[in-house]
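Some notes on the structure that comes next.
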Amino acid sequence: MPNFNRLFLTRNQFSGPVPACLGNASSLRHLYLSENKLSSRIPESLWNLKDLLELDVSSNSFSGDLPSGLGSLRVALRIDLSVNQFAGNISATIGGLQNLVYLSLAYNTLQGNIPETFRSFISLETLDLSHNKLSGIIPKSLEALSHLRYFNISFNELSGEIPSGGPFENFTSQSFASNEALCGLTQFGVPQCHAVYQSRTAERIIIISVLSAISFTILVMGVLFVLIRRRKSKRVPTEKDMQPLVHQRITYHEIFEATNGFVESNLIGSGSFGSVYKGVMPDGNMVSAIKSLGYGIHAKWEP
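Numbering (my numbering), first residue to last: 74 to 376.
As structure tokens, this is what we get:
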């Protein structure tokens with residue numbers, strides 16, 4: 074049936090995949106397959122329907138990534154892919170749907186950012202992206218969608234400041250519920266952005282203080298460890314070192330020999346208390362001072 078214009082199969086018990094041959098119905102303008110048990114992926118041939126105005130496959134079990142070919146339906150006015158199992162990112166090619174009035178991708182598991190190409194939806198009146206896993210910020214460029222009347226991004230993981238110009242002036246907290254990291258005007262039911270900034274600044278200060286304290290503690294422990302190691306590395310006195318000093322006893326004959334008979338060449342000096350000589354003992358030890366006192370001899374020596 075290449076010439077039929079409308080196909081309504083809503084609220085039945087149809088299951089399994091959509092036949093690929095449906096893409097051959099080149100005159101199709103309205104396709105409604107919602108509230109069935111259809112599964113698998115939407116066939117790529119469906120995106121060949123360049124004149125399709127309305128596509129509703131909501132409340133089924135379609136899976137896989139959101140089709141990138143969706144953006145080729147350039148004349149489409151209404152697209153509803155909600156309540157399925159679509160995953161992955163929203164492709165930037167969706168910006169090709171410049172005539173859209175209604176778009177719903179709610180109740181899937183879509184991830185990633187809201188594409189900046191959404192600013193191309195200059196005729197859009199309804200945008201529902203709720204109950205997904207979208208992250209990142211809400212593009213400020215959406216303020217330019219002057220016809221937008223219904224906007225819902227609740228129950229996602231979005232962050233940053235909510236735009237406040239254009240159609241956002243009329244939105245309420247219901248549009249942004251359960252996005253814990255959003256901030257903006259009080260009418261949106263979120264914290265003010267400067268309060269969030271101050272809170273995050275306080276958290277950073279606490280983290281930096283804790284890390285500084287830990288670093289200082291590690292530094293002190295490191296210095297103590299080095300000092301302890303240095304103390305331990307010092308030479309421990311041996312048993313020999315700890316023995317008491319014993320004066321060595323030498324004979325007069327040994328001193329006489331060491332000074333070569335007290336020759337003048339070994340004389341260091343003389344005074345009222347006697348003469349002082351230098352000498353070398355037979356074992357090689359140097360006698361630094363041998364003083365003749367008249368009544369005896371006093372010797373000071375060193376190795």
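No residue lacks a Cβ here, since even glycine has one placed at the ideal position from N, Cα and C.
Practice problem: Go ahead and label PRO75 buried or exposed: buried means 16 or more other beta carbons lie within 10 angstroms of its beta carbon, across all protein chains shown. | Solution: Counted from its first residue, the sequence shown places residue 75 at position 2. Answer is exposed; the Cβ neighbour count stays below 16.
Quiz item: By how many angstroms is the C-alpha of ILE152 removed from the C-alpha of PHE261?
Solution: As a working mapping, residue 261 is identified with position 188 in the sequence shown. As a working mapping, residue 152 is identified with position 79 in the sequence shown. Going from the Cα of PHE261 to the Cα of ILE152 covers about 27 Å.
Practice problem: Classify VAL319 as buried or exposed, calling it buried when 16 or more other Cβ atoms lie within 10 Å of its own Cβ. | Solution: One-based indexing of the sequence shown puts residue 319 at position 246. Note that VAL319 has pLDDT 49, beneath the 50 cutoff, so the model's placement of it is unreliable and no number is given.
Quiz item: Would you report the Cα separation of GLN271 and ASP129, rounded to the nearest angstrom?
Solution: By one-based count along the sequence shown, residue 271 stands at place 198. By one-based count along the sequence shown, residue 129 stands at place 56. Bear in mind that a pLDDT of 48 at GLN271, under 50, signals an unreliable position, so the model cannot answer this.
Practice problem: Note down, one range per segment and in chain order, each alpha helix (DSSP H) of at least 4 residues found wholly within the region 135–221. | Solution: none
Quiz item: Would you say ASP124 touches the ligand FMN, meaning its beta carbon is less than 7 Å from a heavy atom?
Solution: Inclusion of the ligand FMN in the displayed structure is not the case, the ligand content being empty and no account of it being possible.
Exercise. Can you say whether ILE115 is buried or exposed, counting buried as having 16 or more other CB atoms within 10 angstroms of its CB?
Key: The residue you call residue 115 lines up with position 42 of the sequence shown. Buried, since its Cβ has 16 or more Cβ neighbours within 10 Å.
Exercise. Starting from the Cα of SER237, find the closest Cα among LYS206, PHE249, PHE298, LEU150 and give me that residue.
Key: Position 164 of the sequence shown, counted from the first residue, corresponds to residue 237. Ranking LYS206, PHE249, PHE298, LEU150 by Cα distance to SER237 puts PHE249 first.
Quiz item: To which residues does DSSP link GLY233 through a beta bridge?
Solution: The count along the sequence shown starts at 1 and reaches residue 233 at position 160. Looking at the DSSP assignment, GLY233 forms a beta bridge with LEU255.
Practice problem: Using only alpha-carbon positions, find the residue among PRO212, ALA217, PHE241 that is nearest to GLY233. | Solution: For this step, residue 233 is matched to residue 160 along the sequence shown. Taking only the C-alpha atoms, the option nearest GLY233 is PRO212.
Quiz prompt | Within 8 Å, strictly: CB atoms of PRO140 and GLY168 | solution = In the sequence shown, the residue the question calls residue 140 occupies position 67. In the sequence shown, the residue the question calls residue 168 occupies position 95. Result no, Cβ atoms of PRO140 and GLY168 do not sit closer than 8 Å.
Quiz prompt | Limits of the unbroken beta strand (DSSP E) element including SER112 | solution = Within the sequence shown, the letter at position 39 stands for residue 112. SER112 -> beta strand (DSSP E) spans 110–113.
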